[in-house]
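Residue numbers (the numbering used here): 1 to 145.
C-beta: ideal position from N, C-alpha, C; glycine also.
Just below is one structure, and these are the notes that go with it.
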């Protein structure tokens, strides 16, 4: 498997920004922009990846309530606050894309989220993330062919 492309790097950067904001219990547009500014100085990204990461992190911050409500409905046996911070934010990014970015195929969004969970989270996380996103994608009519 080769190096991740700019869209994957953007998703991973957005995850790291949202993770930091979540740990500080401040996921709002201002806090996310502050974290993103510090992050982008420490971890260089291409202009394209930086723009996309900023769009994703800001999109999640601006739409946190409907995103979290959607995830909570799909996680019938888990409270959102009880999820691992990394899993919660992987789900937030993918849910944002499923809800607000209809041009990106649902299966691409889900595959990327599972791969990011595989890289950044625990052994059971990829299956968990996939299961939750399956429910959300089906609810939104965004499942694969």
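- If you draw a straight line from the Cα of residue 123 to the Cα of residue 138, it is about 25 Å long.
- Excluding its 5 nearest sequence neighbours in each direction, residue 9 has C-beta neighbours in its own chain below 7 Å: 45, 49, listed in chain order.
- In the structure shown, residue 36 falls within a helical segment according to DSSP collapsed to helix, strand and coil.
- Secondary structure remark: continuous alpha helix (DSSP H) runs of at least 4 residues inside the region 96 to 129, in chain order: 106 to 120.
- Across the set 13, 37, 61, the C-alpha of 61 shows the shortest separation from the C-alpha of residue 100.
- Distance from the CA atom of residue 31 to the CA atom of residue 86, rounded to whole angstroms, is 18 Å.
- Selection 131, 110, 39, 88 evaluated against residue 22 yields 88 as nearest (Cα-Cα).
- Rounded to the nearest whole angstrom, the CA to CA distance from residue 13 to residue 38 is 12 Å.
- According to the DSSP assignment, residue 66 belongs to the alpha helix (DSSP H) that extends over 64 to 74.
- Around the beta carbon of residue 69, a 10 Å sphere encloses fewer than 16 other beta carbons of the protein chains shown; the residue is thus reported as exposed.
- The distance from the Cβ of residue 130 to that of residue 96 is about 17 Å, inconsistent with a contact at the 8 Å cut-off.
- Of the other Cβ atoms in all chains shown, 16 or more fall within 10 Å of the Cβ of residue 126; this residue is therefore buried.
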